[in-house]
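Let me begin by presenting the structure, written as structure tokens, before commenting on it.
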Amino acid sequence: MTTKWWKESVVYQIYPRSFQDSNGDGIGDLRGIISRLDYLKELGVDVVWLSPVYKSPNDDNGYDISDYQDIMDEFGTLADWEELLAEMHARGIRMVMDLVVNHSSDEHAWFVESRKSKDNPYRDFYIWRPGKDGREPNNWESFFSGSAWQYDEATDEYYLHLFSRKQPDLNWENPALRNKIYEMMRWWLDKGIDGFRMDVITMLSKTPGLPDAPVIGDKPYHWGGQYFIHGPRLDEYLSEMHREVLSRGDILTVGEAVMATTEHAIDLTNEETGHLNMLFQFEHMDLDRDPHSMSAKWALKRWDLLDLKQVMTRWQRNLEGKGWNSLYLSNHDQPRSVSRFGDDGYHRVASAKLLGTFLHMLQGTPYIYQGEEIGMTNVRFPSIDDYRDIETLNMYREFVHDRGIDPATVMAGIHAKSRDNARTPVQWDDGPNAGFTTGKPWIGVNANYPEINVRAALVDPNSVFHYYKKLIRLRKENPVIVHGRYDLLLEAHTEIYAFTRTHGDDRLLAILNFTANQPVFALPSGIAYSGTELMISNFEVDAAEDIALLTLRPYEARVYRLT
Ligand code: TEU
Ligand code: CA
Numbered sequence: 001m002t003t004k005w006w007k008e009s010v011v012y013q014i015y016p017r018s019f020q021d022s023n024g025d026g027i028g029d030l031r032g033i034i035s036r037l038d039y040l041k042e043l044g045v046d047v048v049w050l051s052p053v054y055k056s057p058n059d060d061n062g063y064d065i066s067d068y069q070d071i072m073d074e075f076g077t078l079a080d081w082e083e084l085l086a087e088m089h090a091r092g093i094r095m096v097m098d099l100v101v102n103h104s105s106d107e108h109a110w111f112v113e114s115r116k117s118k119d120n121p122y123r124d125f126y127i128w129r130p131g132k133d134g135r136e137p138n139n140w141e142s143f144f145s146g147s148a149w150q151y152d153e154a155t156d157e158y159y160l161h162l163f164s165r166k167q168p169d170l171n172w173e174n175p176a177l178r179n180k181i182y183e184m185m186r187w188w189l190d191k192g193i194d195g196f197r198m199d200v201i202t203m204l205s206k207t208p209g210l211p212d213a214p215v216i217g218d219k220p221y222h223w224g225g226q227y228f229i230h231g232p233r234l235d236e237y238l239s240e241m242h243r244e245v246l247s248r249g250d251i252l253t254v255g256e257a258v259m260a261t262t263e264h265a266i267d268l269t270n271e272e273t274g275h276l277n278m279l280f281q282f283e284h285m286d287l288d289r290d291p292h293s294m295s296a297k298w299a300l301k302r303w304d305l306l307d308l309k310q311v312m313t314r315w316q317r318n319l320e321g322k323g324w325n326s327l328y329l330s331n332h333d334q335p336r337s338v339s340r341f342g343d344d345g346y347h348r349v350a351s352a353k354l355l356g357t358f359l360h361m362l363q364g365t366p367y368i369y370q371g372e373e374i375g376m377t378n379v380r381f382p383s384i385d386d387y388r389d390i391e392t393l394n395m396y397r398e399f400v401h402d403r404g405i406d407p408a409t410v411m412a413g414i415h416a417k418s419r420d421n422a423r424t425p426v427q428w429d430d431g432p433n434a435g436f437t438t439g440k441p442w443i444g445v446n447a448n449y450p451e452i453n454v455r456a457a458l459v460d461p462n463s464v465f466h467y468y469k470k471l472i473r474l475r476k477e478n479p480v481i482v483h484g485r486y487d488l489l490l491e492a493h494t495e496i497y498a499f500t501r502t503h504g505d506d507r508l509l510a511i512l513n514f515t516a517n518q519p520v521f522a523l524p525s526g527i528a529y530s531g532t533e534l535m536i537s538n539f540e541v542d543a544a545e546d547i548a549l550l551t552l553r554p555y556e557a558r559v560y561r562l563t
């Protein structure tokens with residue numbers, strides 16, 4: 001396996017709308033990010049993944065792009081962006097931009113043209129079909145509730161939108177469209193960016209004929225993912241994108257890959273014939289949902305540590321020497337990891353550190369989502385009127401108004417799973433609006449900001465922040481953390497997740513108690529060692545303590561070098 005900068009890096013994801021406002025309009029912006037770069041430098045991150053900052057009507061907060069080569073008004077100007085890039089590079093921080101090319105906004109000039117007439121030159125930049133038997137062309141459900149098709153009166157046809165109706169899918173079968181996308185990507189690379197995070201990149205190729213999905217239950221629309229995920233021409237498109245753009249520079253590319261398996265990941269990210277560096281897979285994000293139904297995302301199902309071990313071990317072992325893992329538990333689409341996988345109450349700090357240790361001791365590139373490094377939690381807004389996310393609002397309307405489900409039940413699902421859990425403003429201090437804005441924030445600030453904020457974390461040596469800072473530093477100082485082989489221990493233990501990493505003679509042992517209980521860790525007999533060196537722990541630990549038998553505290557994490 002070759003050593004590449006993106007294998008040794010830690011990435012920090014910024015969702016600009018909620019990061020830092022600089023002009024008092026209650027919306028985060030580029031100049032706000034510039035004002036916080038020294039904070040990121042202190043944390044020690046190497047790369048920033050910037051969620052979309054392009055011109056957008058913000059139907060899906062920037063994932064609906066109306067001009068791929070200009071900055072959205074709320075975030076600032078292209079000059080502000082140039083300054084942000086320069087200030088990042090001046091600090092040795094690289095910038096990865098979000099590439100959203102499965103769909104555009106319906107306000108993009110291409111779509112404005114496309115919908116004008118059936119023979120418009122841009123008609124085939126999008127996926128138009130006549131209705132069938134007076135209905136949509138097929139029965140696919142949108143990720144944001146309802147049909148994945150929108151009828152357009154002007155030309156008496158429907159257009160496909162896997163997401164919101166203001167996000168028409170681009171037609172990747174059209175080489176003219178593909179070339180326009182490659183041109184745009186090269187334009188950003190020429191400006192000096194260091195890579196792309198690729199939004200729903202495995203959905204670019206749809207099964208010809210766009211067949212109906214199997215009908216499950218009595219809903220009007222159904223999960224059609226088998227016909228638009230990892231479609232028949234995906235490899236061809238990504239191979240062409242690699243040839244036309246990605247091969248041009250030493251960049252980081254990470255593809256968002258809903259439903260991806262390790263086989264898909266090896267195909268797409270192996271260094272011989274792959275086209276991307278790594279994927280965001282979702283198996284560990286599906287442990288508390290039914291992966292084959294979009295609506296069951298909201299069903300409250302407890303995840304199980306044995307499932308987490310099984311999924312992560314498969315990804316660690318199967319990609320060994322054949323691909324590269326991304327490592328994440330949080331992002332702008334997922335609930336806060338400390339609320340979902342840890343404990344956001346009494347054991348919040350310990351469990352946030354445990355989860356950080358888990359992610360940073362695995363093989364792959366860790367991704368930290370803004371606020372994760374201070375243990376920010378889910379929010380529980382009392383009313384649906386406090387929520388902003390289109391996925392959440394559409395789901396509420398479908399479940400409560402269309403399907404008559406009890407609003408309290410639906411709100412419980414929203415409190416657990418809404419994407420807005422990750423989109424409340426970053427909590428910088430205990431002043432008004434947590435220091436995020438001097439104006440009225442676009443979304444409410446989590447009420448726990450007086451206790452959970454950056455200013456408090458920076459002055460507390462035992463904060464999650466300083467623990468994350470140490471985790472990041474350990475990665476830089478210990479090749480075993482980047483390159484070591486992963487071996488699972490105690491496979492059947494239902495409370496402790498333990499594994500080793502081996503790189504030549506260098507071995508580390510991670511011992512993670514994922515519960516509020518106090519289980520006994522017994523070192524398996526096959527692990528020979530003469531001495532131990534404590535590398536990091538989230539509690540005070542006697543470094544000389546014999547590791548053969550340990551009683552662990554709630555959410556206790558320890559990492560040892562075995563000598
Ligand atoms: O998300 C892709 C996706 O599948 C989402 O539906 C996500 O899995 C789901 O919301 C989890 O609950 C990407 C972006 O990350 C997301 O923010 C966008 O809304 C979506 O694509 C459309 O661009
Ligand atoms: Ca602003």
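All residue numbers for the sequence shown refer to the UniProt record's numbering, where the first residue is 1 and numbers rise by one. Cβ atoms here follow ideal geometry from the backbone N, Cα and C, with glycine treated the same way.
- In the three-state reduction of the DSSP assignment, I547 falls in the coil class, being assigned neither a helical nor a strand state.
- Three or more Cβ pairs drawn from the segment 402-419 and the segment 329-345 lie within less than 8 Å of each other, which places the two stretches in contact.
- Collapsing the DSSP output to three states places M198 in a strand.
- Near ligand 2, meaning a Cβ closer than 5 Å to any of its heavy atoms, lie the following residues in chain order: D21, N23, D25, I27, D29.
- F436 sits in coil when the DSSP states are folded into three classes, being neither helix nor strand.
- By the criterion of at least three beta-carbon pairs nearer than 8 Å, the segment 87-95 is not in contact with the segment 154-164.
- The beta carbon of H360 sits closer than 6 Å to the beta carbons of P366, L471 from its chain, once the five residues preceding and following it are set aside; these are given in chain order.
- For V311 and H483, the gap between their C-alpha atoms comes out near 20 Å.
- Apart from the 5 residues on each side of it in sequence, I181 sits with its Cβ closer than 7 Å to the Cβ of V101 in its chain, given in chain order.
- Annotation for W187: Q69 place their beta carbon closer than 8 Å to its own, counting only its chain and skipping 5 residues before and after.
- Per DSSP, the continuous beta strand (DSSP E) segment holding A557 begins and ends at 557-562.
- DSSP lists no beta-bridge partner residue for G209.
- When distances are taken from the beta-carbon of E173 to the heavy atoms of ligand 1, even the shortest one reaches 7 Å or more.
- Straight-line spacing of the CA atoms in G404 and L30 works out to 42 Å.
- Placement of the Cβ of D73 at a distance of 7 Å or more from every heavy atom of ligand 1 is found.
- When distances are taken from the beta-carbon of E391 to the heavy atoms of ligand 1, the shortest one is below 7 Å.
- A257 and D542 have their C-alpha atoms spaced approximately 43 Å apart.
- Beta-bridge partners assigned by DSSP to S22: none are found.
- Only residues of its own chain outside the window of five on either side were considered, and among them V11, Q13, V96, R197 have a CB closer than 6 Å to the CB of W49, listed in chain order.
- Between ligand 1 and F228, a heavy atom-to-CB distance of less than 7 Å is absent.
- Under the three-state reduction of DSSP, A498 is assigned to strand.
- Contact between the segment 250-264 and the segment 276-288 is present: 3 or more CB-CB pairs across the two stretches fall below 8 Å.
- Residue environment analysis places L204 among the buried positions, since at least 16 neighbouring C-beta atoms fall within 10 angstroms of its C-beta.
- In this structure, E477 has its beta carbon at no less than 7 Å from each heavy atom of ligand 1.
- Note that the C-beta distance between R388 and I452 is not below 8 Å.
- Taking a contact to require three or more Cβ pairs closer than 8 Å, the segment 487-499 and the segment 508-515 qualify as touching.
- In this structure, R419 has its beta carbon less than 7 Å from a heavy atom of ligand 1.
- Excluding sequence positions up to five before and after F282, its CB lies within less than 6 Å of the CB of V258, all in the same chain and listed in chain order.
- DSSP, reduced to helix, strand and coil, places K309 within a helical segment of the structure shown.
- Remark: the C-beta of F143 is in contact range of ligand 1, defined as less than 7 Å to any heavy atom.
- In this structure, the beta-carbon distance from I127 to D194 does not fall below 8 Å.
- Distances taken from the Cβ of Y63 to the heavy atoms of ligand 1 include one shorter than 7 Å.
- Take the alpha-carbon of A265 and the one of D430: they are about 43 Å apart.
- In the DSSP assignment, N453 falls outside any beta strand (DSSP E) and carries neither an H nor an E.
- In this chain, the beta strand (DSSP E) harbouring P366 covers 365-369.
- In this structure, DSSP gives F341 a state outside helix and strand, which the three-state scheme calls coil.
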